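In the numbering used here, the protein residues as written are 35 to 101.
Yeah, the Cβ is synthetic: ideal placement off N, Cα and C, and Gly gets one too.
Quantities reported herein were computed from a predicted structural model and do not represent experimental measurements.
Remarks on the structure that follows.
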């Protein structure tokens, strides 16, 4: 009997990184043997963009609250 639970491996952040790594791979012509490089590059891009989007959400919530 198995129960379906979201594991850390299925986190929204991991899925964003996975999607971005795929975009990079396709953009470079789908080369073999570059998966780690693509993953690390995608991870850096996604995690550096993540705080900005959270900050934008906080600012929007604060603006809405103030009005």
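Around the C-beta of residue 76, are 16 or more other C-beta atoms found within 10 angstroms, so that it is buried, or is it exposed? Sequence index remark: in the chain shown, residue 76 carries index 42 (1-based). Looking at its Cβ environment, which holds 16 or more other Cβ atoms inside 10 Å, residue 76 is buried.
If you reduce the DSSP assignment to three classes, tell me which class residue 65 lands in. In the chain shown, counting from the first residue as 1, residue 65 sits at position 31. Coil at residue 65, not helix or strand.
Answer with buried or exposed for residue 78, where buried requires no fewer than 16 other C-beta atoms within 10 angstroms of its C-beta. Indexing the chain shown from 1 puts residue 78 at position 44. Classification of residue 78: exposed, given that the 10 Å Cβ count is below 16.
Less than 8 angstroms between the C-beta atoms of residue 55 and residue 72, yes or no? As a position in the chain shown, residue 55 is number 21, starting the count at 1. As a position in the chain shown, residue 72 is number 38, starting the count at 1. Contact flag set, yes.
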